[in-house]
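A.B. asks:
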Amino acid sequence: MIPIHTRVFRWNPATEDEGRMVAYEVSVHEGARVLDVLQSIHDDIDPSLSFRSSCKAGQCGSCAVLVDGEPKLACMTEASDGMEIKPLNLPVIQDLTVDLIPGINQIPRISADTGTGLPAHEEIQAIKPLRDCIECFSCISVCPACDVTAFTGPAAMRGFMRIALDPRDSTNRIGKAIEDGLFTCTSCGKCFEVCPKNIRIPGKAIEKLREIANKAGLTLPRHQEVEKLVQTTGRSVPREKLTFLEQVGEVIEPEGEVRGEVGFFVGCMFNGRLPDTALDMLYVMRKNGIRVIIPPEQVCCGSPLIRTGQTSYINTLRETNKNCFSKRGITTVMTMCAGCGATLKNDYPDKPFVVKDVTEVLTGYGIIPTQKLPVIATYHDPCHLLRGQGISEEPRSLLIPAVQEFIEMPSICCGSGGGVRSGVPEEAAALGENRREAIRKTGADIVVTVCPFCEYHIQEHTDRPVKNLLTVLREGYEAMESSGRESTDDK
Amino acid sequence: MLGEQIHECHVAVIGSGGAGIRAAIEASSHGETLLISKTIAGKGGCTIMAEGGYNAVMCEADCTDDHYQDTMRGGAYLNDPELVRVLVSEAPLRMNDLISWGAVFDVTPECTIAQRPFGGQKFPRTCYAGDRTGHEMMMTLMDRYHACGAETLHEVDVIDLIPSKEGITGLVGLDRKGDLVIVHADAVILATGGGTRIYDISTNSMSGTGDGYAIGYRAGATLIDMEQIQFHPTGAVYPRDARGRLITEAVRGEGGVLKNTKGERFMSRYDPERMELSTRDVVARAVATEIQEGRGTEHGGVYLDVTHLKPEEIERRLPIMLEQYLQFGVDIRKEPMEVAPTAHHIMGGLKITPDGATTIRRLYACGEVTGGVHGANRLGGNALADTQVFGKRAGEAAALCSRISCPDIDPMIHDIRELLGTYREGTINPAAVITELRLAMWEGAGIFRDEGSLTRCRETIERLMKMTPKAVSNQNLAECCTVRNMCTTAHLIVTSALLRKESRGSHLRTDCTEIYNPEKSLFGHTGISPAGARIERRNS
Ligand SMILES: Cc1cc2nc3c(=O)[nH]c(=O)nc-3n(C[C@H](O)[C@H](O)[C@H](O)COP(=O)(O)OP(=O)(O)OC[C@H]3O[C@@H](n4cnc5c(N)ncnc54)[C@H](O)[C@@H]3O)c2cc1C
Ligand code: SF4
Ligand code: SF4
Ligand code: FES
Chain E
1 MIPIHTRVFR
11 WNPATEDEGR
21 MVAYEVSVHE
31 GARVLDVLQS
41 IHDDIDPSLS
51 FRSSCKAGQC
61 GSCAVLVDGE
71 PKLACMTEAS
81 DGMEIKPLNL
91 PVIQDLTVDL
101 IPGINQIPRI
111 SADTGTGLPA
121 HEEIQAIKPL
131 RDCIECFSCI
141 SVCPACDVTA
151 FTGPAAMRGF
161 MRIALDPRDS
171 TNRIGKAIED
181 GLFTCTSCGK
191 CFEVCPKNIR
201 IPGKAIEKLR
211 EIANKAGLTL
221 PRHQEVEKLV
231 QTTGRSVPRE
241 KLTFLEQVGE
251 VIEPEGEVRG
261 EVGFFVGCMF
271 NGRLPDTALD
281 MLYVMRKNGI
291 RVIIPPEQVC
301 CGSPLIRTGQ
311 TSYINTLRET
321 NKNCFSKRGI
331 TTVMTMCAGC
341 GATLKNDYPD
351 KPFVVKDVTE
361 VLTGYGIIPT
371 QKLPVIATYH
381 DPCHLLRGQG
391 ISEEPRSLLI
401 PAVQEFIEMP
411 SICCGSGGGV
421 RSGVPEEAAA
431 LGENRREAIR
441 KTGADIVVTV
451 CPFCEYHIQE
461 HTDRPVKNLL
471 TVLREGYEAM
481 ESSGRESTDD
491 K
Chain S
1001 MLGEQIHECH
1011 VAVIGSGGAG
1021 IRAAIEASSH
1031 GETLLISKTI
1041 AGKGGCTIMA
1051 EGGYNAVMCE
1061 ADCTDDHYQD
1071 TMRGGAYLND
1081 PELVRVLVSE
1091 APLRMNDLIS
1101 WGAVFDVTPE
1111 CTIAQRPFGG
1121 QKFPRTCYAG
1131 DRTGHEMMMT
1141 LMDRYHACGA
1151 ETLHEVDVID
1161 LIPSKEGITG
1171 LVGLDRKGDL
1181 VIVHADAVIL
1191 ATGGGTRIYD
1201 ISTNSMSGTG
1211 DGYAIGYRAG
1221 ATLIDMEQIQ
1231 FHPTGAVYPR
1241 DARGRLITEA
1251 VRGEGGVLKN
1261 TKGERFMSRY
1271 DPERMELSTR
1281 DVVARAVATE
1291 IQEGRGTEHG
1301 GVYLDVTHLK
1311 PEEIERRLPI
1321 MLEQYLQFGV
1331 DIRKEPMEVA
1341 PTAHHIMGGL
1351 KITPDGATTI
1361 RRLYACGEVT
1371 GGVHGANRLG
1381 GNALADTQVF
1391 GKRAGEAAAL
1401 CSRISCPDID
1411 PMIHDIRELL
1421 GTYREGTINP
1431 AAVITELRLA
1441 MWEGAGIFRD
1451 EGSLTRCRET
1461 IERLMKMTPK
1471 AVSNQNLAEC
1481 CTVRNMCTTA
1491 HLIVTSALLR
1501 KESRGSHLRT
1511 DCTEIYNPEK
1521 SLFGHTGISP
1531 AGARIERRNS
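In structure tokens:
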């Protein structure tokens, strides 16, 4: 037997105004699950502890709770000493028991037409991955859109797509899916990350439903404008000033010895709206011996279209981008925008090069240390970097040595993705305001991120400066140089 | 004093597994139907956990006569032949209902229902949705259920039925808060599923506590063949808290082999013809014998091995097994599983007619809570079919009951309040009673039993029945009622097991050495009701 110390949320709304965390110690067998710990508290310490379970095999979806803040099935998650157990972020009935019924009632239900017979093998194969849902509502608990809007949630969207794929149900429900919040999803990917059944809801359900909406002419007008812009200019951002590509040559040679070489995919935001940040990146690359090749004919990666279901023009973009790098023999393409990076990595099959985020490139080669900037910094994880590309360590390992103090903040979507900022601005604003509060709580002087969408959006919702990591590094190098000059001046 | 809420309906269905939901769908097309479930409807019970599949004759190459023969032979000819006929002839129709309601079963490239081989069957007739067949069924049934107009009481534990001159006319339950829920109905359908949670090692869901057997018994119904407990040969043995968790028969159906620590495929000694795909009673005894005779692993199991199959095959056909084992740190593509027998299914239960009518008027039953369909040993895949075939029949028949007025229930409610009152004053932790009961059942009424072990077990149960479990709050009253039901069900099993002085199917009496050909056995069903217990004698 092994001892487990845990803190568990207790609240009986009938008799108490608010909940509290209570510490328990139990001994359980090696390999015990979270559920076994709860059962042991119930059996041996306090039988009034309320929690749900039924199958104990990850099949009924009764037992999801937050273990150290993340939704987990209690019956499948190994218990760990010191863990904290809280209810899902849904209305609490008592202790860890939450109200699942409203969510269940919002799942769309198939109503098959009579006499349709069996679907074909391929149709079944297509539906299956969406069919594993056990209605545990871990996804609803973490969905930022559910938090601030009347979105019925990822599990319900999965249900709509499952029905859309089934030839036995011919009712058209796309209008209902939109009404239920199809366009409120920021494509943050959190639902997929927590889903115990690994259902790729953003890619396999939401984007696909948005495609269906697109074919039915129901794409949001603001999103249609973006598509028009991409079709006519190759860019999703209108030209307002001198763009990055107009300012730079095709090959940027580093200072001194060449330690590496990458192709650079700039993306619409850095090209059109934040070219100075991209120039900061070139500064850092030059300092660190990395040659950067910038094909001028590159275009939008297609992300703003894919996320909003407008896929008819995607192939043209993909081919142009693939060709411009491959014909120059470039084997590593670097992105700096999290959205572009995730798209090139995940939505460009059969590409003849590898794609790396700028933070991967820099940590891969290693960089000359900068001078520490005299600020307290926090870091906002861009969804498309953290979950879209699985990158969280690299930016931190570059940022932490570059500032005087670093404070973590919970990584939650800022609301700028998935076309929400343009399509459902009030939702994007509400999520931005949540970030304001989170930033305030850290007490940091600056917010650092590496995604232009996040940077642009969060800046509207905080009084602290929001900076790109590359800008911070450039400032660190410049501070080093000027203090170096000062010390030489002193001599 | 506890509050109470009162409901009225035409048909009340207890239980939201495959049988209960199917019954409610059917009943609701005839009159107001109310479904009462201990768990959130659709989430509880064992149907949602069923992995392997659903037996039905779905193609020309197979025939219902063969399905009938396989079922009878598997059940050691203790099955009720009429119920088996109904099962095999209607299983395909009910499968087609599911398909027409949107079920996503695996299909072949030729667009027919895919079927896999399962133990004890001459033809591969087990339809499946990967290894999440029961989940697929429940999802489909819930889709249909949501449109059928039945009302639902989620998370209400039924504690007793309301008897009257006219038969059963309602039920009494407890909600989450511990308030009484009273339902008046013209007919009641018991679909509470099984009860092997009364054993130390079990595959069942948390609600597999045998409530329905006890509730039906107290209401005066007759239960048959309660001694027939199926021990599934392949339950997990490690980690300890997950022991008993089912390793689906589909693993063997897909080619998995059983080996002891000497590396022998030992089934060749027990059933050389059918090997791993012999019936469950035979395989479970073989595994238990290997372990008993010292050829088991350190964790007390034998090996179940699929490493000779292609990894992609395993990923496609056994995804849940693969995922569950990975969570426990074992990659079944590369290393064998360790397995041992686990209490799985209760073949006995309420005696029913083919329409699901019990021996009491207006009380119907369907699914695992009934007896007779599976005889002395259930074939894998027949239980899911059972839930659909008899769920539909019970729903239809119950809905045809005439309307009646509510009886006076004050005396009964008074008694229930008194019982609940004693629980608030109880003296023992319910968990302690359950632990002792489970160990006693595993020891005394397990795979191998004899008069001595059964008698000792019965004494323990009777001692436990005299104790009063303690409800620390009103929310805990339902748990105490469950403890009472678990003890009653255990008692029914042990009493019936003492009556059957022969080894038959899953019931192996080591003290009865006379070997009958099951087809020619002198004995028929055991039967037990509050009026007494007896075993039928056949005239051979
Ligand atoms: C792990 C596992 C795998 C299996 N695999 C297969 C398989 O592959 N093929 C096959 O044919 N069979 C299989 N079986 C057997 C089969 O699943 C069951 O026999 C069958 O599903 C029982 O269905 P049911 O509707 O009768 O009961 P269940 O599905 O068990 O439902 C019982 C319902 O009754 C409710 N209930 C219980 N007590 C009360 C009460 N007091 N008050 C209110 N509600 C109550 C429960 O909450 C639940 O909703 C398997 C069983 C298990 C445990
Ligand atoms: S991707 Fe994010 S916003 Fe979209 S449904 Fe999933 S959790 Fe919600
Ligand atoms: S989609 Fe995944 S996380 Fe959401 S309810 Fe279904 S199983 Fe749970
Ligand atoms: S208890 Fe069923 S999923 Fe955990």
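Protein chains in written order, with this note's numbering: chain E, 1 to 491; chain S, 1001 to 1540.
Just so you know, even glycine gets a beta-carbon here, dropped at the ideal spot from N, CA and C.
Could you name the residues of the same chain whose beta carbon sits closer than 7 angstroms to that of Thr471 (chain E), not counting the 5 residues immediately before and after it, in chain order?
C.D. replies: Result list for Thr471 (chain E): Thr277 and Asp280, in chain order.
A.B. asks: Spatial neighbours of Pro374 (chain E) within its chain, please: CB distance less than 8 angstroms, with the 5 preceding and 5 following residues excluded, ordered by chain position.
C.D. replies: Excluding sequence neighbours, Pro374 (chain E) sits near Gln404.
A.B. asks: Flag this pair as touching only if the stretch 436–445 of chain E and the stretch 375–386 of chain E have three or more C-beta atom pairs under 8 angstroms; answer yes or no.
C.D. replies: Yes, the stretch 436–445 of chain E touches the stretch 375–386 of chain E.
A.B. asks: Which complete alpha helix (DSSP H) runs does the stretch 1058–1082 of chain S hold, if anything under 4 residues is left out?
C.D. replies: Qualifying alpha helix (DSSP H) stretches, in chain order: 1064–1074.
A.B. asks: With a Cβ-Cβ cutoff of 9 angstroms, do Pro202 (chain E) and Gly189 (chain E) count as a contact?
C.D. replies: Cβ distance < 9 angstroms, so Pro202 (chain E) and Gly189 (chain E) count as in contact.
A.B. asks: If you run the structure through DSSP and keep just helix, strand and coil, what is Ile290 (chain E)?
C.D. replies: Residue state, collapsed to three classes: strand.
A.B. asks: When you compare the CB of Thr116 (chain E) with every CB in chain S, is at least one pair closer than 9 angstroms?
C.D. replies: Chain S, which has a Cβ nearer than 9 angstroms to the Cβ of Thr116 (chain E), makes this yes.
A.B. asks: Counting along the chain, where does the beta strand (DSSP E) carrying His1308 (chain S) start and finish?
C.D. replies: No beta strand (DSSP E) contains His1308 (chain S), which DSSP labels as neither H nor E.
A.B. asks: Check whether the Cβ atoms of Thr1169 (chain S) and His1184 (chain S) lie closer than 9 angstroms to each other.
C.D. replies: Yes, they are a contact pair.
A.B. asks: Please state whether DSSP places Lys1520 (chain S) in a helix, a strand or coil.
C.D. replies: Of the three classes helix, strand and coil, the one that applies to Lys1520 (chain S) here is helix, per DSSP.
A.B. asks: Are the stretch 199–216 of chain E and the stretch 157–166 of chain E touching, with three or more C-beta to C-beta distances below 8 angstroms?
C.D. replies: Touching, yes, given that three or more Cβ pairs across the two stretches are closer than 8 angstroms.
A.B. asks: Kindly indicate the opening and closing residues of the beta strand (DSSP E) around Gln94 (chain E).
C.D. replies: First-last of the beta strand (DSSP E) with Gln94 (chain E): Val92 to Gln94.
A.B. asks: Fully enclosed by the stretch 261–344 of chain E, which alpha helix (DSSP H) runs are 4 residues long or longer?
C.D. replies: Whole alpha helix (DSSP H) segments, 4+ residues: 275–287, 303–306 and 314–326.
A.B. asks: Touching or not, the stretch 1208–1218 of chain S and the stretch 1447–1457 of chain S, by the rule of three or more beta carbon pairs under 8 angstroms?
C.D. replies: Contact fails: fewer than three Cβ-Cβ distances are below 8 angstroms.
A.B. asks: Using a Cβ cut-off of 8 angstroms, which residues of the stretch 1330–1344 of chain S contact any Cβ in chain E, in chain order?
C.D. replies: Here the close residues number zero.
A.B. asks: Against Gln1324 (chain S), what residues of chain E qualify as contacts under a CB-to-CB distance less than 8 angstroms, listed in chain order?
C.D. replies: In chain order: Ala57, Gly58 and Met76.
A.B. asks: What does the alpha-carbon distance come out to for the pair Ile1014 (chain S) and Leu1223 (chain S)?
C.D. replies: If you take the alpha carbons of Ile1014 (chain S) and Leu1223 (chain S), they lie about 18 angstroms apart.
A.B. asks: In chain B, which residues lie with their C-beta within 9 angstroms of the C-beta of Arg1132 (chain S)?
C.D. replies: In summary, chain B is missing from the structure at hand, where the protein chains are E and S.
A.B. asks: Compare the beta carbon distance of Val434 (chain E) and Asp147 (chain E) with 9 angstroms and say whether it is the shorter of the two.
C.D. replies: The residue asked about is misnamed: residue 434 (chain E) is Asn in this sequence, not Val. Contact: yes.
A.B. asks: So if DSSP puts Ser1202 (chain S) in a beta bridge, which residue, or which two residues, is it bridged to?
C.D. replies: Ser1202 (chain S) pairs with S:Ala1343.
A.B. asks: What is the DSSP secondary structure of Tyr1128 (chain S), reduced to helix, strand or coil?
C.D. replies: Here Tyr1128 (chain S) sits in coil by DSSP.
A.B. asks: Can you give me the C-alpha to C-alpha distance between Asp1448 (chain S) and Asp1511 (chain S), rounded to a whole angstrom?
C.D. replies: The residue asked about is misnamed: residue 1448 (chain S) is Phe in this sequence, not Asp. The straight-line gap from Cα to Cα measures roughly 10 angstroms.
A.B. asks: Since Thr1489 (chain S) is in the alpha helix (DSSP H), which residue starts that stretch and which ends it?
C.D. replies: Per DSSP, Thr1489 (chain S) belongs to the alpha helix (DSSP H) from Leu1477 to Leu1499.
A.B. asks: Would you please verify whether the beta carbon of Tyr1054 (chain S) is less than 9 angstroms from any beta carbon of chain E?
C.D. replies: Not one chain E Cβ lies under 9 angstroms of Tyr1054 (chain S).
A.B. asks: What did DSSP end up calling Phe453 (chain E) once you bin it into helix, strand or coil?
C.D. replies: Helix at Phe453 (chain E).
A.B. asks: Measuring only the C-alpha atoms, how far is Glu1315 (chain S) from Leu398 (chain E)?
C.D. replies: Rounded to whole angstroms, Glu1315 (chain S) to Leu398 (chain E) spans 39 angstroms at the Cα level.
A.B. asks: Using the Cα positions of Ala1050 (chain S) and Ile101 (chain E), report the straight-line distance between them to the nearest angstrom.
C.D. replies: Rounded to the nearest angstrom, the two C-alpha atoms are 23 angstroms apart.
A.B. asks: Among E:Thr77, E:Lys86, E:Pro167 and E:Phe137, which has the Cα closest to the Cα of Thr116 (chain E)?
C.D. replies: Minimum Cα distance to Thr116 (chain E) is reached at E:Pro167.
A.B. asks: Tell me whether Pro1117 (chain S) sits in a helix, a strand or coil according to DSSP, three-state version.
C.D. replies: DSSP places Pro1117 (chain S) in coil when its eight states are reduced to three.
A.B. asks: Check the Cβ-Cβ distances between Ile110 (chain E) and every residue of chain S, and say whether any is below 9 angstroms.
C.D. replies: For Ile110 (chain E), the answer is yes, since a Cβ of chain S falls inside 9 angstroms of its Cβ.
A.B. asks: Residues in its own chain within less than 7 angstroms of Lys491 (chain E) by CB, not counting five upstream and five downstream?
C.D. replies: Reliability of the predicted coordinates at Lys491 (chain E) is poor, the pLDDT of 43 falling under 50, and the value obtained from them is presented with this limitation in mind. Nothing meets the Cβ criterion.
A.B. asks: Where does Cys1111 (chain S) land, buried or exposed, given buried means 16+ other C-beta within 10 angstroms?
C.D. replies: Exposed, by the Cβ-count rule.
A.B. asks: Use the C-beta contact count for Ala1531 (chain S): other C-beta atoms within 10 angstroms, 16 or more gives buried, fewer gives exposed.
C.D. replies: Burial call: exposed.
A.B. asks: Excluding the 5 residues flanking His1010 (chain S) on each side, which residues of the same chain have their C-beta closer than 6 angstroms to its C-beta?
C.D. replies: Taken in chain order, the residues that qualify are Gly1031, Glu1032 and Asp1186.
A.B. asks: Could you tell me whether the Cβ atoms of Ala23 (chain E) and Ile4 (chain E) are closer together than 9 angstroms?
C.D. replies: No, the Cβ-Cβ distance between Ala23 (chain E) and Ile4 (chain E) is not below 9 angstroms.
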